[in-house]
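Working notes, structure below.
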Amino acid sequence: MAKIIKPGISAEAALAADVKVQNIVAGILEDIRTRGDEAVRELSIKFDKWDPPSFKLTDEQIQEVVASVDPQTIEDLKFAQAQIRNFAQHQKDALQDIEVETLPGVILGHKNLPVNSLGCYIPG
């Protein structure tokens, strides 16, 4: 029999934590929508202890930061970026709508439409 060393939290506790996080994030996003950079600055000070004159980096600042990163890390990031971009393109290509006339006047196909919510009933 397996020995449980550290049990996970209950489904109810996980749901409550998820709802709490969602509410916090929604509040932060609404504050940023309403107050813009002022809200971002307050959050930056609160969480990062960072209060720059401007949040927009100059080209020189960007180059300075990039130059300070280990070259292998840069190569690893470029590799990951290429892999992600390549797979995303394959996913996008697979989501194309299709319409085919299989017989004269018989048109079959599918269309991919985003939905806001979905319900499903599985009997049994």
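FYI, the numbering for the sequence shown is 0 to 123, going by numbering that gives the first Met the number 0. Ideal Cβ positions, reconstructed from N, Cα and C, are used throughout, including at glycine. Since the structure is predicted, the reported quantities are computational estimates derived from the model, not experimental observations.
{"query": "Contact between the region 82 to 98 and the region 108 to 118 (3+ Cβ pairs under 8 Å)", "result": "yes"}
{"query": "Ranges of the alpha helix (DSSP H) found wholly within the region 62 to 100, counting only runs of at least 4", "result": "70 to 93"}
{"query": "Alpha carbon of V65 to alpha carbon of G104, nearest angstrom", "result": "60 Å"}
{"query": "Residue range of the unbroken alpha helix (DSSP H) whose run includes V39", "result": "36 to 47"}
{"query": "For V114, three-class secondary structure by DSSP", "result": "coil"}
{"query": "One or two residues paired with I106 in a DSSP bridge", "result": "E100"}
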